[in-house]
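Chemist:
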Amino acid sequence: MALDGLEAAVHASVGASRYARKYAKLNVIRYADDFVVTGASKEVLESRVLPAVKAFMAVRGLELSEEKTRITNIADGFDFLGQNVRKYGGKLLIKPARKSTKSLLDKVRAIIKGHTSVTQEVLIHKLNPVIRGWAMYHRHVVA
Numbered sequence: 000m001a002l003d004g005l006e007a008a009v010h011a012s013v014g015a016s017r018y019a020r021k022y023a024k025l026n027v028i029r030y031a032d033d034f035v036v037t038g039a040s041k042e043v044l045e046s047r048v049l050p051a052v053k054a055f056m057a058v059r060g061l062e063l064s065e066e067k068t069r070i071t072n073i074a075d076g077f078d079f080l081g082q083n084v085r086k087y088g089g090k091l092l093i094k095p096a097r098k099s100t101k102s103l104l105d106k107v108r109a110i111i112k113g114h115t116s117v118t119q120e121v122l123i124h125k126l127n128p129v130i131r132g133w134a135m136y137h138r139h140v141v142a
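Residues 0 to 142, numbered by numbering that gives the first Met the number 0, are exactly what the sequence shown covers, in order.
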């Protein structure tokens, strides 16, 4: 709710003309309190969009986290909601982030180590919901 209107603020930051908005190719992807702003030019994102987002959030008593805020090229990729978004040779690929994969492996390892004396059947019943949940979350991505 606090971020309602963010899209309009981002688009207004490049100007009111339809040509300016089309040239900037700005898109806002938002889920709860996480968001990504994409654009055609790093300069536009740094000089116009970032200050507009900071001002938009300041009005609402919020501020951007400096360690989470990055302006990067899509070829370098970025993580968003447990997914890694990156462009490889002209193709956009979305795959599970390394942090997400490591988290799954840590959970599986902890379950296995914590249930060394149980039967295989019980261990499988403990592991299935964890693995299935992770797989269902990442089912729409490439890997």
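Every residue gets a Cβ at the ideal spot worked out from N, C-alpha and C, and that includes glycine.
#1: Which whole runs of the alpha helix (DSSP H) in the stretch 27-68 are 4 residues long or more, in chain order?
#2: Which residues in the same chain have their Cβ closer than 6 Å to the Cβ of residue 137, if we skip the five residues on either side of it in sequence?
#3: Leaving out five residues before and five after residue 122 in sequence, what residues of the same chain have Cβ atoms less than 8 Å from its Cβ?
#4: In three-state DSSP terms, what is residue 85?
#5: Along the beta strand (DSSP E) that carries residue 90, what are the first and last residues, could you check?
#6: With C-beta atoms as the reference, is residue 93 less than 9 Å away from residue 84?
#7: If you reduce the DSSP assignment to three classes, tell me which class residue 75 lands in.
#8: So, helix, strand or coil for residue 113, using DSSP?
#9: For residue 74, which residues from the same chain have a beta carbon less than 6 Å from its beta carbon, with the 5 sequence-adjacent residues on both sides left out?
#10: Take residue 32 as the anchor and find which of 48, 3, 71 and 17 has the nearest alpha-carbon.
#11: Let me check understanding here. Comparing Cα to Cα, which of 116, 139, 104 and 141 lies closest to residue 129?
#12: Which of helix, strand or coil does DSSP assign to residue 4?
#13: Between the beta-carbon of residue 52 and the beta-carbon of residue 13, is there less than 9 Å?
Modeler: From the atom records:
#1: Runs of the alpha helix (DSSP H) lying entirely within the stretch 27-68, each at least 4 residues long, are 49-58 in chain order.
#2: As a working note, residue 137 is residue 138 in the sequence shown. Answer for residue 137: 95, listed in chain order.
#3: Along the sequence shown, one-based indexing puts residue 122 at 123. Short of 8 Å from the beta carbon of residue 122, and not among the five residues preceding or following it, lie these beta carbons of its own chain, in chain order: 110, 111 and 114.
#4: Numbered from 1 along the sequence shown, position 86 holds the residue referred to as residue 85. In this structure, residue 85 counts as strand in the three-state DSSP scheme.
#5: Stepping through the sequence shown from its first residue, residue 90 is reached at position 91. It spans 90-95 - the beta strand (DSSP E) in which residue 90 sits, taken as one unbroken run.
#6: One-based indexing of the sequence shown puts residue 93 at position 94. One-based indexing of the sequence shown puts residue 84 at position 85. Yes; because the gap between Cβ atoms is below 9 Å, this pair is in contact.
#7: Taking the first residue of the sequence shown as position 1, residue 75 is located at position 76. In the structure shown, residue 75 sits in coil (DSSP, three-state: anything other than H, G, I, E or B).
#8: Translated into the one-based positions of the sequence shown, residue 113 becomes position 114. In the structure shown, the three-state DSSP call for residue 113 is helix.
#9: Your numbering for residue 74 matches position 75 in the sequence shown. The residues are 86.
#10: In the sequence shown, residue 32 corresponds to position 33, counting from 1. With distances taken between Cα atoms, residue 32 lies closest to 3.
#11: By one-based count along the sequence shown, residue 129 stands at place 130. Relative to the Cα of residue 129, the nearest Cα in the group 116, 139, 104 and 141 belongs to 104.
#12: Translated into positions along the sequence shown, residue 4 becomes position 5. Reduced to three states, the DSSP call for residue 4 is coil.
#13: Walking along the sequence shown from the start, residue 52 turns up at place 53. Walking along the sequence shown from the start, residue 13 turns up at place 14. When the beta-carbon positions are compared, residue 52 and residue 13 stay at least 9 Å from each other.
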